[in-house]
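Visitor: Quick note on my numbering: the sequence shown kicks off at 79 and runs consecutively.
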Amino acid sequence: MSGLGPRLAARIAADGPISVHDYMHACLADPDYGYYRDGVPLGAAGDFTTAPEISQVFGEMLGLWLADRWQAAGAPARAALVELGPGRGTLMDDALRAAAKALPAFAAAAKLHLVEISRSLRAVQGAKLARAAPVFHDDFGTVPDDAPVFLVANEFLDALPVRQFVRRGPTWRERVVTFANGAFAFADGPAVAEPPLSATQIADAPDGAVVEACPAALDIATRVARRIAKTGGAALFVDYGTDRSGWGDTLQAVRRHAKAGVFDAPGECDLTAHVDFPRFAAAARANGAAAFGPATQGDFLRRIGIHARLAVLARGAAPQVARNISDASRRLLDAGEMGTLFKVVALQAPAAAAPPGFEG
Ligand SMILES: C[S@@+](CC[C@H](N)C(=O)[O-])C[C@H]1O[C@@H](n2cnc3c(N)ncnc32)[C@H](O)[C@@H]1O
79 MSGLGPRLAA RIAADGPISV HDYMHACLAD PDYGYYRDGV PLGAAGDFTT
129 APEISQVFGE MLGLWLADRW QAAGAPARAA LVELGPGRGT LMDDALRAAA
179 KALPAFAAAA KLHLVEISRS LRAVQGAKLA RAAPVFHDDF GTVPDDAPVF
229 LVANEFLDAL PVRQFVRRGP TWRERVVTFA NGAFAFADGP AVAEPPLSAT
279 QIADAPDGAV VEACPAALDI ATRVARRIAK TGGAALFVDY GTDRSGWGDT
329 LQAVRRHAKA GVFDAPGECD LTAHVDFPRF AAAARANGAA AFGPATQGDF
379 LRRIGIHARL AVLARGAAPQ VARNISDASR RLLDAGEMGT LFKVVALQAP
429 AAAAPPGFEG
C-alpha cells in the first residue's frame, strides 16, 4: 500500500468515516499520492488503454470534427483549442495532424490549452505536442475566454469523484468509507435530506439501492456551456456511461489491465465511475448551450465517416498492418467492445444545426 492508505486510515481514525467522494478524490488527486499526480498509467505497460491509444483514427476523427465546428462557426481568426485530461497527448497529436492537413487555417487559428493535473503526463504531452506550444492549466477556469472554444475530453469525466447515496426506506444516506481491523469498508453515513439526484433516479431506486451523483462533472458541464454561450464554439465529451439517468454502484478499480478492489491499493489503481450523460447534458442546457446525444461511440464514429478513413489507411497496407487496422476498428466500434458502452455528447451554441454525428 502506498502512503495514501495509512494516511486515509489515520484521517478516518481521527475524524470519522469519509464520504465515497472524498475517498475517490484522495485516491485520484491527492497532491502527494494521488493516482493522477505522477506516473504514466496508460498503455500496455500501464493499467489501462484508451481509444486514442488503440488507433490514430480515433484522434483524427475527433480533430476533423473540431475543425468542422470551427469552420461552421465562421472560421474565427482566433480560437481556444482545449483538451481536458489529455493522457499521453496521443488524441491531440492525431487530431492536430488530421486537422492541419484538412483545414490548415484551423490549426493556424487555434491556441492549444491542456487541462491536466498529472506532473508526469504534462511532461509527456509537452514533448509530444511541442510544435503547438501548449499552455497547461490545472483547471478549465483559467483558459482565457477571449476567443471561441473548441474542446474535447475523452475518458476525463469518469475520473471525477462521485458521491454515492443509499436508499433506506424513506431516508437517503451518504455512503461512506470506514477503516477497522486493518481494512477499509463501505457503510451508511449521515442522512441527507435532499440528495442532489435527478427525479428519475429518486423515482426508480428501490430500497437499498446505491445512486450516484458527480458534482465535478456537472460543474464542468455548467462552465463549458456558459463559456460556449459567451464566446461560441463546440465541445465533445466521450466516455463510458449511461443514456438513462439511473441507479447502481458503478465505482470500479483497474490495475494492470485487470479489475481490482476499490480498497486494494489506494492511490495505485485507477478508480472510475460511469458518466450520467442525461444529467450532464441537462446541466449544459440549463446553462445556455445546446446539447446533443448521447450517441453511442460506434454510431458517432460511423456517422462522421470513420470507415472511409480506415479504408484509406488499409489501402496498400502490409497484411499485418491491415489486420491491426481491422482489429482497431472492431475495438472502437463493436457493440461488445467500446462501440455501445462508450457514449458521446456534443455541446455548441443554441440555434446552430445539429453537429455531424448527431443528425436525426
Ligand atoms: C483516463 S485518462 C484519459 C487520457 C486521454 N484522454 C485518453 O483518452 O487517452 C484521464 C486523464 O485525465 C487527467 N485527469 C484526471 N483527473 C483530472 C482533473 N481533475 N483535472 C485535470 N485532469 C485530470 C489524467 O491525468 C489523465 O490525463
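The beta carbon of each residue, even a glycine, is placed where N, CA and C say it ideally should be.
1. Touch check for the stretch 111–124 and the stretch 401–417: three-plus C-beta pairs under 8 Å?
2. Which partner residues of Trp250 appear in the DSSP bridge assignment?
3. Based on DSSP bridge pairs, tell me the residues matched to Ala291.
4. Which residues mark the beginning and the end of the alpha helix (DSSP H) in which Phe378 is found?
5. Alpha carbon to alpha carbon, what distance is there between Ala294 and Ile280?
6. Considering just the uninterrupted stretch of the beta strand (DSSP E) at Tyr113, what are its terminal residues?
7. Is it buried or exposed for Ala186, if we count other Cβ within 10 angstroms and need 16 for buried?
8. By alpha-carbon positions, which one of Ala151, Pro119, Thr220 and Pro344 ends up nearest to Ala313?
9. When DSSP labels each residue in this structure, what does Pro356 get in the three-state scheme?
10. For Arg251 and Ala432, what's the separation of their Cα atoms in angstroms?
11. Give the C-beta separation of Arg246 and Gly267 to the nearest angstrom, bearing in mind that I take them to be a contact with Cβ-Cβ under 8 Å.
12. From Pro344 to Phe264, what does the alpha carbon distance come to, in whole angstroms?
13. Would you identify the three-state DSSP class for Asn402, choosing helix, strand or coil?
14. Check whether the stretch 294–311 and the stretch 231–239 are in contact - that is, three or more C-beta pairs closer than 8 Å.
15. What does a CB cutoff of less than 6 Å around Pro239 pick up in its chain, not counting 5 residues either side in sequence?
16. Within 10 Å of its beta-carbon, does Lys179 have 16 or more other beta-carbons around it, so buried, or fewer, so exposed?
17. Whole angstroms are fine: how far does the CA of Lys421 sit from the CA of Val244?
18. Which two residues bound the contiguous beta strand (DSSP E) that contains Leu190?
19. How many Å lie between Thr256 and Ala91 at the Cα?
20. Thr256 by DSSP, collapsed to three states: which one?
21. Using only the alpha-carbon positions, how far apart do Ala145 and Val227 sit?
22. Strictly by DSSP, which residues pair up with Tyr318?
23. Ligand 1 heavy atoms versus the CB of Phe234: any closer than 7 Å?
24. Does Gly414 come out as helix, strand or coil in the three-state DSSP assignment?
25. Beta-carbon within less than 6 Å of Val213's beta-carbon, same chain only, minus the 5 sequence neighbours each way: which residues are those?
26. Hey, Leu137 and Met170 are a contact pair by Cβ (cut 8 Å); roughly how many whole angstroms apart?
27. Assuming Glu138 is part of the alpha helix (DSSP H), what are its boundary residues?
28. For Asp412, does the count of other Cβ atoms within 10 angstroms reach 16, so buried, or fall short, so exposed?
29. Count the other CB atoms within 10 Å of the CB of Ala122; is the residue buried (16 or more) or exposed (fewer)?
30. Express the C-alpha separation of Trp325 and Arg197 in angstroms, rounding to a whole number.
31. State the start and end residues of the unbroken alpha helix (DSSP H) segment that holds His215.
32. Around the C-beta of Val390, are 16 or more other C-beta atoms found within 10 angstroms, so that it is buried, or is it exposed?
Guide: Let me spell this out:
1. Remark: fewer than three beta-carbon pairs, one from each stretch, lie closer than 8 Å, so the stretch 111–124 and the stretch 401–417 are not flagged as touching.
2. One-based indexing of the sequence shown puts residue 250 at position 172. Its beta-bridge partners are Arg245.
3. Within the sequence shown, numbered from 1, the residue matching residue 291 stands at position 213. Within the DSSP bridge table, the entry for Ala291 names Arg241 as partners.
4. If you number the sequence shown from 1, residue 378 lands on position 300. Note, Phe378: alpha helix (DSSP H), Gln375 to Arg381.
5. Mapped onto the sequence shown, residue 280 falls at position 202. Mapped onto the sequence shown, residue 294 falls at position 216. In this structure, the straight-line span from the alpha carbon of Ile280 to that of Ala294 is close to 20 Å.
6. Counting from one through the sequence shown, the residue named residue 113 turns up at place 35. First-last for Tyr113: undefined, no H or E at that position.
7. As a first step, residue 186 must be located in the sequence shown, where it is residue number 108. The residue is exposed, with fewer than 16 neighbouring Cβ atoms inside 10 Å.
8. On the sequence shown, residue 313 is found 235 positions in, with the first residue counted as 1. Distance check between Ala313 and each of Ala151, Pro119, Thr220 and Pro344 places Ala151 closest, using alpha-carbon atoms only.
9. Numbered from its first residue, the sequence shown carries residue 356 at position 278. Pro356 falls in the helix class under three-state DSSP.
10. The count along the sequence shown starts at 1 and reaches residue 251 at position 173. The count along the sequence shown starts at 1 and reaches residue 432 at position 354. Computed Cα separation, rounded: 40 Å.
11. As a working mapping, residue 246 is identified with position 168 in the sequence shown. As a working mapping, residue 267 is identified with position 189 in the sequence shown. Arg246 to Gly267, Cβ: 11 Å. No contact.
12. As a position in the sequence shown, residue 344 is number 266, starting the count at 1. As a position in the sequence shown, residue 264 is number 186, starting the count at 1. Near 14 Å, if we compare the C-alpha coordinates of Phe264 and Pro344.
13. What you label residue 402 is simply residue 324 of the sequence shown in a count that begins at 1. Looking at Asn402 - three-state DSSP - the assignment turns out to be helix.
14. Flag = yes, the stretch 294–311 and the stretch 231–239 touch.
15. By 1-based counting over the sequence shown, the position of residue 239 is 161. Setting aside the 5 residues that flank it on each side, Pro239 is surrounded in the same chain by His99, Met102 and His103, each with a C-beta closer than 6 Å to its C-beta; the list follows chain order.
16. Reading the sequence shown from its first residue, position 101 is the one you call residue 179. The residue is exposed, with fewer than 16 neighbouring Cβ atoms inside 10 Å.
17. Counting from one through the sequence shown, the residue named residue 244 turns up at place 166. Counting from one through the sequence shown, the residue named residue 421 turns up at place 343. If you take the alpha carbons of Val244 and Lys421, they lie about 26 Å apart.
18. The residue you call residue 190 lines up with position 112 of the sequence shown. That run of the beta strand (DSSP E) goes Ala188 to Val193.
19. Taking the sequence shown and counting its residues from 1, the one referred to as residue 256 is at position 178. Taking the sequence shown and counting its residues from 1, the one referred to as residue 91 is at position 13. Rounded to the nearest whole angstrom, the C-alpha separation of Thr256 and Ala91 is 9 Å.
20. Start at 1 with the first residue of the sequence shown, and residue 256 comes out as number 178. Here Thr256 sits in strand by DSSP.
21. Translated into positions along the sequence shown, residue 145 becomes position 67. Translated into positions along the sequence shown, residue 227 becomes position 149. Here the alpha carbon of Ala145 sits roughly 11 Å from the alpha carbon of Val227.
22. Counting from one through the sequence shown, the residue named residue 318 turns up at place 240. As a beta-bridge residue in DSSP terms, Tyr318 pairs with Phe420.
23. Translated into the one-based positions of the sequence shown, residue 234 becomes position 156. Ligand 1 has a heavy atom closer than 7 Å to the beta-carbon of Phe234.
24. Taking the first residue of the sequence shown as position 1, residue 414 is located at position 336. If DSSP states are grouped into helix, strand and coil, Gly414 belongs with the helices.
25. Counting from 1 along the sequence shown, the entry for residue 213 is found at position 135. Leaving aside the five residues that flank Val213 on each side, the residues in its chain whose CB is nearer than 6 Å to its CB run, in chain order, His191.
26. Taking the sequence shown and counting its residues from 1, the one referred to as residue 137 is at position 59. Taking the sequence shown and counting its residues from 1, the one referred to as residue 170 is at position 92. The sequence given here has Gly at residue 137, not Leu. Rounded, the Cβ-Cβ distance is 7 Å, consistent with contact.
27. For the purposes of this step, residue 138 is taken as residue 60 along the sequence shown, with counting starting at 1. Per DSSP, Glu138 is one residue of the alpha helix (DSSP H) stretching across Gln134 to Ala150.
28. By 1-based counting over the sequence shown, the position of residue 412 is 334. Exposed, by the Cβ-count rule.
29. Residue 122 sits at position 44 when you count from the first residue of the sequence shown. Answer is exposed; the Cβ neighbour count stays below 16.
30. In the sequence shown, counting from the first residue as 1, residue 197 sits at position 119. In the sequence shown, counting from the first residue as 1, residue 325 sits at position 247. Taking the straight line joining both Cα atoms gives about 35 Å.
31. The residue you call residue 215 lines up with position 137 of the sequence shown. Unbroken run through His215 is the beta strand (DSSP E), Val213 to His215; no alpha helix (DSSP H).
32. For the purposes of this step, residue 390 is taken as residue 312 along the sequence shown, with counting starting at 1. Here Val390 is exposed: its Cβ has fewer than 16 other Cβ atoms, across all protein chains shown, within 10 Å.
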